[in-house]
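Undergrad: First residue of the sequence shown? That's 22 in my numbering, and the numbers climb one at a time after it. Note that beta-carbon positions come from the ideal geometry of N, C-alpha and C, so glycine has one too. Got a structure here, written out as structure tokens. Questions coming.
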Amino acid sequence: MKSGDSATIDVPDSTASGGATAKGKGVTVVAAPRAGGWNKGVAIFDFILRLCAIVTALAAAAAMGTSDETLPFFTQFFQFQASYDDLPTFQFFVIAMAIVGGYLVLSLPFSIVCIIRTHAAGLRMLLLVLDAMALTLTTAAGAAAAAIVYLAHNGNPNTNWLAICQQFGDFCQKVSGAVVASMVTAVVFVVLVIVSAMALRRT
22 MKSGDSATID VPDSTASGGA TAKGKGVTVV AAPRAGGWNK GVAIFDFILR LCAIVTALAA
82 AAAMGTSDET LPFFTQFFQF QASYDDLPTF QFFVIAMAIV GGYLVLSLPF SIVCIIRTHA
142 AGLRMLLLVL DAMALTLTTA AGAAAAAIVY LAHNGNPNTN WLAICQQFGD FCQKVSGAVV
202 ASMVTAVVFV VLVIVSAMAL RRT
């Protein structure tokens, strides 16, 4: 190469052999799988939990509402009787658990809608708020009734409150079962709140 001559660099032509222009290759973007299947499974689990909570809540209300026992004596004019309506705490328990059971029944259609429409965030949020309120009511009723049941079983010597469960065995058995059923309902509500929160996070 002589001095003063320009250097030439050969650049490969972008056209393919034969004069045809090479077409750009298409890029296929694979979308990440949506969480619809997971949300649908959670919604089905939510529906099953609500059915279980309906059974336990209504069973608690029915057991407490039918708790009544009369001790047999020689004369019918002198009898000792124990009934749930003798104590305002037990009356509140029956009303509260009946309200919770009614709410759970009314919430079933909304739960079914969440199964069909897995990304209904607004409806899921509504159920979450109402479940939290029902959990509060269930816990309050169950805790109040549990305190009275404890006194019925053990009494309180400091205040001269006698234990009555030795005499009213059937009555105490029913009210104790009602309290246990209410606590099971509260646990189911805790799971429902957690499940709803997880579903909202994935929506």
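According to DSSP, is Ser88 helix, strand or coil?
TA: coil
Undergrad: For the 8 Å Cβ check, are there 3 or more pairs between the region 174-181 and the region 146-153?
TA: In short, these stretches do not touch, since the Cβ pair count stays below three.
Undergrad: For the candidate residues Thr77, Ile120, Cys193 and Thr139, whose alpha-carbon lies nearest to that of Met219?
TA: Thr139
Undergrad: Could you give the DSSP three-state label for Gln187: helix, strand or coil?
TA: coil
Undergrad: Any idea if Val209 is buried or exposed, counting beta-carbon neighbours within 10 angstroms, 16 or more meaning buried?
TA: The residue is buried, with at least 16 neighbouring Cβ atoms inside 10 Å.
Undergrad: From Met204, Ile136 and Arg71, pick the residue whose C-alpha is nearest to that of Ala165; which is it?
TA: Met204
Undergrad: Fully enclosed by the region 113-190, which alpha helix (DSSP H) runs are 4 residues long or longer?
TA: 142-175
Undergrad: Using only CA atoms, which one of Gly58, Trp59 and Phe66 lies nearest to Val214?
TA: Phe66
Undergrad: Based on Cα-Cα distance, which residue from Asp152, Ser197, Thr160 and Phe131 lies nearest to Leu172?
TA: Ser197
Undergrad: What is the C-beta distance between Gly122 and Ile75, in whole angstroms, given that I count them as a contact (C-beta under 8 Å)?
TA: 6 Å
Undergrad: So with Cβ pairs under 9 Å, would you call Leu156 a contact of chain B?
TA: Annotation note: the requested chain B is absent from the structure, which comprises a single protein chain.
Undergrad: Distance check for Ile169 and Thr110, CA to CA, integer angstroms please.
TA: 8 Å
Undergrad: Quick check: what's the CA-CA separation for Thr160 versus Met85?
TA: 16 Å
Undergrad: Starting from the C-beta of Val134, find all residues in its chain whose C-beta is less than 8 Å away, skip the five residues before and the five after it, and write them out in chain order.
TA: Contacts found: Ala141 and Leu144.
Undergrad: What do you get for Val150, buried or exposed, if any count of 16 or more other CB atoms within 10 angstroms of its CB means buried?
TA: exposed
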